[in-house]
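Engineer:
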Amino acid sequence: MWKLLLAIFAALLAISAFFGVKHFMPMDFQEIFNPPELLKSEKPIELEIFPQVFGFELKKPSNLSFSNLTLERFQGEVKADFASGQLEFKPKMETLSLKVPIQEIGFENLTIPALSLKQTRFRLENLTGTGNLDLSEFSGKIEIKKDRIVLSGNVSSLHLRFDNTTFSLT
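Taking this note's numbering, the leading residue of the sequence shown gets 3, the next gets one more, and so forth.
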C-alpha cells in the first residue's frame with residue numbers, strides 16, 4: 003500500500019514539474035536542487051556623492067535625451083568631470099567621444115558591482131561628511147546633477163568612514 007502511495011506522489015511531482023504547475027509544494031521544484039542565497043539581501047538607499055570625477059559604463063544600449071541632443075542606442079562610458087564642468091560620452095568600440103557641459107540627466111536600471119571612493123563628500127539621509135565610501139552591488143537609478151551624483155536604488159552593502167565615524171549597511 004505504501005509503495006502505491008509513494009509511486010502516486012512521485013508521479014504527481016514529475017507531472018507538476020513537467021507541466022510547470024506552480025505552488026504544488028511550498029517551494030519551486032528547482033529550488034530543492036538550487037537553493038537561493040539566504041544571506042544576500044538588498045537595502046534601499048538614496049545616496050548623494052560630490053566627486054571630482056565620476057564614470058560608469060552603460061552595458062545595454064540606451065536612448066538618452068537632454069537639452070537639444072538625443073543619443074539613440076548609446077552603449078559605452080559616461081563620465082562626469084565636475085572640475086571641468088564636462089559630461090563625456092564615449093561609445094563602446096569607437097575612438098570618438100562627445101563632450102557637453104554638465105547638465106541633469108538620469109539613467110535607469112543600472113548596476114554597479116562595486117564602487118570605492120576616497121575623500122569624497124557625500125550625503126545619506128541625515129549623514130553628511132567627507133570620507134571614504136565602499137558600496138557593493140548597487141542596482142537602480144543614477145542621476146547626474148550640476149554638482150553631484152545621486153544613486154537611488156538597492157545595495158547589498160555600504161560602508162562610510164568619516165570624522166572618526168563608521169557607518170555600515172549590510
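Just so it is clear, CB atoms sit at the ideal spot from N, CA and C, and this is done for glycine as well.
This one's a predicted model, so the numbers in the text were calculated from it and none came from an experiment.
1. According to the Cβ coordinates, are A82 and I51 closer than 7 Å?
2. Going by alpha carbons, who is nearest to N134 out of N166, S141, I114?
3. Is DSSP giving A85 helix, strand or coil here?
4. Under a three-way DSSP split, which group does L5 fall into?
5. Per DSSP, A116 forms a beta bridge with which residues?
6. Three or more beta-carbon pairs under 8 Å between the segment 114-125 and the segment 138-153, yes or no?
7. Would you identify the three-state DSSP class for N36, choosing helix, strand or coil?
8. Near K101, what residues of its chain come up, given a Cβ to Cβ distance below 6 Å and the 5 sequence neighbours on each side ignored?
9. Where does the unbroken beta strand (DSSP E) through E50 begin, and where does it stop?
10. Any idea if V55 is buried or exposed, counting beta-carbon neighbours within 10 angstroms, 16 or more meaning buried?
11. Output yes or no for whether 7 Å exceeds the beta carbon distance between S154 and H161.
12. Rounded to the nearest angstrom, what separates V152 and L49 at their Cα positions?
13. Can you pull the DSSP bridge partners for L100?
Structural biologist: Reading from the atomic positions:
1. no
2. N166
3. coil
4. Here the sequence assigns Lys to residue 5, which means Leu is not the residue at that position. K5: helix per DSSP, three-state reduction.
5. S138
6. yes
7. Because N36 sits at a pLDDT of 48, beneath the cut-off of 50, its placement in the model cannot be relied upon, and the following sentence gives the value as read from the coordinates. The answer is coil: DSSP assigns N36 none of H, G, I, E or B.
8. Q88, E90
9. 45-52
10. exposed
11. no
12. 6 Å
13. F91
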